[in-house]
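Following this note's numbering, the numbering of the sequence shown begins with 42 at its first residue and continues without gaps.
By construction, the Cβ of each residue, glycine as well, lies at the ideal position given by its N, Cα and C atoms.
Since we're looking at a predicted model, the values are computed, not measured.
Remarks on the structure that follows.
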Amino acid sequence: AQQRGLWPVTALAGALLALHFALWVTSLTMTSVLSSLVFVTMNPLFVALLGLVFFHERTSPLLWVAVAVVTAGGVFVGVRSGTSANAGNLLALGGALAASLYLIVGRKVSRVMDPLSYNLGAFTWAAIFTGGLCLVSGRSLVPLSGRALFWLVVTAVVGQTVGHGLINVSLKWFQPQFV
C-alpha cells in the first residue's frame, strides 16, 4: 500500500528521465557527439551542488576536484565547439540537469520503495512522457523499419532496463554523485 502511494514520485522520476533523453537526443542534432557527451555527463556537478544546497549532503573533497576538472573541460569543449553549437551544448547540459534531478529523486525514493517497483514505475512513466513529447513535437512514434524497431527494443531492454535499472538499485547504497 505504501508503494502504491508513491506513484507521483515515480511519475516525476519518469518525467525527468524523459526530459533528460529528449534534451540530450535533440542536442545531438545541434552539436558534435563529443560535445554532447561531455555536457550530458556533467550530472555529478549538478548532483553534488543540489545535494549540498537542498539536502546539506557532504561529499568528498576529491569529488569537488573532479567536478572542477570536468567543468573546466566542459568550458574548453564548449569554447572549442564554436557559437553554432551553443544551443546543442546547452540542451545537453539541460539533459544533465534533468538526469541529476532524476538521480536525486531516485535516491530519496530508494529508501522506501523496492527497486523493481521503482524501475517499472519510472520507466513506464518515462515511456509515456516521451511518447507525449513525440506527439506534441510532431515526431513519429513508429520506426521506419522492422529492423529499426528490433534495435529500439534491444536498446530499451538492455540499455534502459539493465543499465538504468542498476543505476537505480545502486542509489540505495551510494550518493547520486558517485553513481
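- In this structure, the straight-line span from the alpha carbon of residue 130 to that of residue 87 is close to 16 Å.
- In terms of Cα proximity to residue 54, the closest of 90, 166, 105 is 166.
- Taking all protein chains in view, the Cβ of residue 65 is crowded by 16 or more other Cβ atoms within 10 Å, so the residue is classified as buried.
- Taking 8 Å as the cut-off, the beta carbon of residue 67 is found no closer than this to the beta carbon of residue 163.
- In the DSSP annotation of this structure, the continuous segment of the alpha helix (DSSP H) that includes residue 107 starts and ends at 102-122.
- CA-to-CA, the gap between residue 72 and residue 78 works out to about 10 Å.
- In this structure, DSSP gives residue 148 a helical state, which the three-state scheme calls helix.
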